[in-house]
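Have a look at the structure below before the remarks.
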Amino acid sequence: MNESILKSLDSNEKETLQKGLESLIEQTYVIENEYKTLNENYNSLRAMVDEIIEVLPSALWILDKEKNIILQNQEALKNPKLLNIISLDKIRDELEFEGRFYAVKIIAHNEKTIVSATDISDEKRNERLASMGSVAAHLAHEIRNPIGSISLLASTLFARSELKNKHIVLEIQKAIARVERIVNSTLLFTKGVHINALNFNLLELKEECESAINSYNFTSQIDFEISFLDKQICADKALLGLVLQNLIYNAIDAIEESECEKPMIKILASCDNEKICIRVYDNGCEIKDEKLVFEAFKTTKLKGNGLGLSLSKEIINAHKGELSFQSDPKNFYFTLPLV
Numbered sequence: 031m032n033e034s035i036l037k038s039l040d041s042n043e044k045e046t047l048q049k050g051l052e053s054l055i056e057q058t059y060v061i062e063n064e065y066k067t068l069n070e071n072y073n074s075l076r077a078m079v080d081e082i083i084e085v086l087p088s089a090l091w092i093l094d095k096e097k098n099i100i101l102q103n104q105e106a107l108k109n110p111k112l113l114n115i116i117s118l119d120k121i122r123d124e125l126e127f128e129g130r131f132y133a134v135k136i137i138a139h140n141e142k143t144i145v146s147a148t149d150i151s152d153e154k155r156n157e158r159l160a161s162m163g164s165v166a167a168h169l170a171h172e173i174r175n176p177i178g179s180i181s182l183l184a185s186t187l188f189a190r191s192e193l194k195n196k197h198i199v200l201e202i203q204k205a206i207a208r209v210e211r212i213v214n215s216t217l218l219f220t221k222g223v224h225i226n227a228l229n230f231n232l233l234e235l236k237e238e239c240e241s242a243i244n245s246y247n248f249t250s251q252i253d254f255e256i257s258f259l260d261k262q263i264c265a266d267k268a269l270l271g272l273v274l275q276n277l278i279y280n281a282i283d284a285i286e287e288s289e290c291e292k293p294m295i296k297i298l299a300s301c302d303n304e305k306i307c308i309r310v311y312d313n314g315c316e317i318k319d320e321k322l323v324f325e326a327f328k329t330t331k332l333k334g335n336g337l338g339l340s341l342s343k344e345i346i347n348a349h350k351g352e353l354s355f356q357s358d359p360k361n362f363y364f365t366l367p368l369v
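For the sequence shown, my numbering begins at 31 and goes up steadily by one.
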């Protein structure tokens, strides 16, 4: 301020000027603090939005008006080629990419384009399984009645047959038993697994394994090793027997389709303080596609129906256990909690 002007002011005017300057300085500090708070809030909000974008289960891209990527989340980075096959002209779309299904949604906003792709493979799979399961259940019911009649006639035929012909009837009965297993597995799969857990000794499962082996039709000279523990467990014995039956039959089929010189199947149980583990080893042919091993209605076996492993996994899951596969050495195993 010009010094001559300042000298021309009286004391009251100087006091008023000083108060005005002090008020201006105070307002400046207030505005500065408000700006800092606003900036902090903006940065916090931006960080929160970034976190939300990152944890989204969908792949997300934000494009500029030239369709260049200006922002993408981790899911988008996992599938960099997915954006290339998305048609940006459609607001909503469904597409298949590398064996997975995606629901695509596109939003245009302020010369920018937001693209999201949500993996709906599980929903598609469930729809397909529900449809296939409905058809399978209907067929199973239609098959069950005539199979019951054939089984009754086979039993009568066995009783009346000469000794030299009884082995033929036994083969018929084994074939009938196989059809009945498929029917029962199909109905159990479509209705859902409900366990009836009771206390029993693990050694009783050894009898289930031996019974399953004796009732199955195979030609290979397989060396079986079965070892179970003298241990009490609370579970559904019938359903665990079905799981072991499926695993044993898969192992037998793998050996039948291979050319191994010394076919071998081991069924071994072990236990620690928290859980039991039962493994079924075989040296038959390898699993061709491990990704589909527990997929319902999909099989690469000559004698398979695609239900055994999927149903077995549901049974073990219902027991709060886990069914898994190892390729080296080749074995399927499941674990169950002791409590």
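Using N, Cα and C, we set each Cβ at its ideal position, and we do this for glycine too. Just so we're clear, the structure is a prediction, and the values are computed from it rather than from any experiment.
Under the DSSP assignment, Q356 falls in the beta strand (DSSP E) whose first and last residues are E352 to S357. Of all alpha-carbon atoms in F254, L47, S245 and I252, the one lying nearest the alpha-carbon of K204 is that of S245. For D319, no alpha helix (DSSP H) segment is defined, and its DSSP state is neither H nor E.
A direct Cα-Cα distance of roughly 7 Å separates Y311 from A281.
When Cβ pairs closer than 8 Å are counted between the two stretches, the stretch 78-91 is seen to touch the stretch 107-124, the count reaching three or more. With a contact defined as Cβ atoms closer than 8 Å, I295 and I308 miss out at about 13 Å. For the beta strand (DSSP E) assignment, the uninterrupted runs of no fewer than 3 residues enclosed by the stretch 58-107 are, from N- to C-terminal side, 89-93 and 99-102.
For Q262, the pairing in a beta bridge is given by DSSP as N231.
Residue burial annotation: Y132 is buried, with at least 16 other C-beta atoms found within 10 angstroms of its C-beta. With distances taken between CA atoms, N361 lies nearest to C315 out of C315, A348, N214 and K154. Secondary structure of F131 (DSSP, three-state): strand. Taking a 10 Å sphere around the C-beta of P359, we find fewer than 16 other C-beta atoms and assign the residue as exposed.
Within the stretch 282-318, the runs of beta strand (DSSP E) that reach at least 3 residues and sit entirely inside it are, in chain order, 294-301 and 305-312. Boundaries of the beta strand (DSSP E) harbouring K142: K142 to D149, taken from the DSSP string. The residue among E237, E286 and F248 with its C-alpha nearest the C-alpha of A268 is E237. The secondary-structure analysis by DSSP pairs Y363 across a beta bridge with R309 and S354. Secondary structure note for S257: its beta strand (DSSP E) is the uninterrupted segment D253 to S257.
A check of alpha carbon separations from P87 across K108, L54, E172 and E62 identifies K108 as the nearest.
A residue is called buried once 16 or more other Cβ atoms fall within 10 Å of its Cβ, and K321, having fewer, is exposed.
Scanning its chain for C-beta atoms nearer than 7 Å, with the 5 sequence neighbours on each side dropped, one finds no residue around I198.
A138 is bridged by DSSP to T143. A distance below 8 Å separates the beta carbons of N231 and D260. Leaving aside the five residues that flank S151 on each side, the residues in its chain whose CB is nearer than 6 Å to its CB run, in chain order, R130 and F131. Of the candidates R208, L51 and Y363, the residue whose Cα lies closest to the Cα of L270 is Y363.
Counted as a single uninterrupted DSSP element, the stretch harbouring I121 is not any alpha helix (DSSP H), since DSSP gives it neither H nor E. Within the same chain, F254 and I278 come within 7 Å of I243 by CB-CB distance, once the 5 residues on both sides are set aside.
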